[in-house]
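Here's the structure we're looking at; comments come further down.
2 protein chains.
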Amino acid sequence: MAVIAPPILDMSTIFKALGDPTRLQIFELLCKCEYPLTLADNGDVRVVCGPTVGEVCCSVTGAEKINSKISFHLKELRLAGLILVERQGKNMVCNVNRQAVEMLQTYFGSRLQPPIEPCC
Amino acid sequence: MAVIAPPILDMSTIFKALGDPTRLQIFELLCKCEYPLTLADNGDVRVVCGPTVGEVCCSVTGAEKINSKISFHLKELRLAGLILVERQGKNMVCNVNRQAVEMLQTYFGSRLQPPIEPCC
DNA sequence: TCTATATTTCAACAATTCACGAAATGTTGT
DNA sequence: ACAACATTTCGTGAATTGTTGAAATATAGA
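The listed protein sequences correspond, in order, to chains A and B. Everything in the first sequence is counted per the numbering used here, starting at 1 for the first residue and increasing by one. Everything in the second sequence is counted per the numbering used here, starting at 121 for the first residue and increasing by one.
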């Protein structure tokens with residue numbers, strides 16, 4: 001089955017997701033991760049690697065035990081379309097959604113263009 | 121001069137500021153505005169134009185009367201470093217802080233670079 | 001100094017978000 | 001089917017954020 005990046009519904013939802021320090025920390029952690037992609041039988045690109053929720057949890061909180069707090073924040077990031085989470089056996093693995101990051105770069109880039117006409 | 125991304129706490133403050141629909145609307149409005157800069161006597165670049173708080177208010181809410189709500193959101197944007205507000209006679213005029221926008225573009229651009237080593 | 005205009009601050013309330021722990025769900029191996 | 005493991009969901013309370021209208025502050029001009 002294809003891994004489809006969720007549609008980027010609302011920019012403010014995305015920014016709100018990044019507006020929490022814990023979530024931003026998770027986001028940056030995932031950005032630093034390598035992103036080996038594999039071609040599935042049907043030709044779809046599948047994200048097969050990335051830290052598990054437990055590993056993210058450990059990296060962010062330092063604790064061994066999985067935190068419902070991290071699960072909550074991962075969900076927010078996922079609903080905002082910033083990360084992809086998929087099951088891999090017993091674990092859920094997380095990856096940043098590079099398309100979303102690209103879109104964000106473009107977003108700010110296009111806001112730097114000088115306007116055609118003054119608005120004021 | 122290099123644009124250096126501030127630490128996570130500052131960044132999350134910026135994203136939190138953009139994470140409210142009203143504030144994002146104001147931000148985008150100001151991005152669309154022309155930004156004539158003037159050189160002050162001492163050589164400093166001064167922002168001298170931009171819509172007044174009342175004009176922003178009118179544009180966002182449609183109402184004639186100035187809203188304390190907009191004032192509140194402008195303050196949040198200003199504290200996050202996203203906009204510049206300065207007095208011009210009886211009015212306060214608003215401009216987007218283009219340096220901040222540049223920094224944000226750089227931020228997401230640098231997060232798109234493939235990592236040197238896998239983290240997982 | 002008085003008045004009108006522009007904007008911010010304040011206080012009260014409503015709404016949303018966050019954290020915590022317990023219970024529920026889904027997966028693997030026996 | 002059962003046990004162990006990984007993760008999510010749920011309920012509750014605390015903390016934060018957003019809205020509203022009234023009062024306060026600042027500036028310009030008469």
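Note that CB positions come from ideal geometry on N, CA and C, so glycine has one too.
_Just to make sure I have the definition right: I need the residues of chain B whose C-beta is within less than 7 Å of the C-beta of Met11 (chain A). Which are they?_
Leu144
_Pop quiz: Val261 (chain B) and Arg111 (chain A) are said to be a contact at Cβ under 8 Å. What is the actual Cβ separation, rounded to whole angstroms?_
Chain B is shown from 121 up to 240; residue 261 (chain B) falls before or after that span and cannot be answered.
*Kindly indicate which residue of A:Pro21, A:Thr52, A:Leu18, A:Phe15 has the alpha-carbon position closest to the one of Asn91 (chain A).*
A:Thr52
*What residues in its chain sit with their C-beta under 8 Å from that of Val292 (chain B), if we drop five residues either side in the sequence?*
Coverage of chain B is limited to positions 121 through 240, which leaves residue 292 (chain B) absent and any answer about it impossible.
*asked:* Looking at Ala137 (chain B): is its Cβ nearer than 7 Å to the Cβ of Leu204 (chain B)?
replied: no
*Residues that Gly109 (chain A) contacts on chain B, provided the C-beta gap is smaller than 7 Å*: Gln225
*Using a cut-off of 8 Å between C-beta atoms, extract the partners of Arg218 (chain B) located in chain A.*
Leu112
*Please compile the residues from chain B whose C-beta is within a distance smaller than 7 Å of the C-beta of Gly19 (chain A).*
Ser132, Phe135, Lys136, Gly139
*asked:* So that I know if they touch, is there some Cβ in chain A lying closer than 7 Å to that of Cys178 (chain B)?
replied: no
*Exposure label - Ala87 (chain A); buried when at least 16 CB within 10 Å*: In the sequence as presented, Ala is not what sits at residue 87 (chain A); that position holds Arg. With fewer than 16 other Cβ atoms within 10 Å, it is exposed.
*My guess is that Phe15 (chain A) and Phe135 (chain B) are in contact by the Cβ rule of under 8 Å, so how many angstroms apart are they, rounded?*
5 Å
*Report the neighbours of Glu102 (chain A) on chain B: residues whose CB is nearer than 7 Å to its CB, in chain order.*
Leu232
*Can you pull the chain A residues whose beta carbon is under 8 Å from the beta carbon of Ile128 (chain B), in chain order?*
Pro21, Leu24, Gln25, Glu28
*asked:* For Val60 (chain A), which residues in the same chain have their Cβ closer than 8 Å to its Cβ, ignoring the five residues on either side in sequence?
replied: Thr22, Gln25, Ile26, Leu29, Ile70
*asked:* Would you say Cys151 (chain B) lies against chain A (beta-carbon separation less than 7 Å)?
replied: yes
_First and last residue of the uninterrupted alpha helix (DSSP H) at Arg198 (chain B)_ = 188-199
*Span of the beta strand (DSSP E), counted from its first residue to its last, around Arg231 (chain B)*: From DSSP, Arg231 (chain B) is part of no beta strand (DSSP E); its letter is neither H nor E.
*Tell me whether Cys214 (chain B) sits in a helix, a strand or coil according to DSSP, three-state version.*
strand
*Note the first and the last residue of the continuous alpha helix (DSSP H) segment covering Leu18 (chain A).*
11-18
*asked:* What does DSSP give as the partner residue(s) for Gln88 (chain A) in the beta ladder?
replied: A:Asn91
*When burial is assigned at 16 or more other CB atoms within 10 Å of the CB, is Ser188 (chain B) buried or exposed?*
exposed
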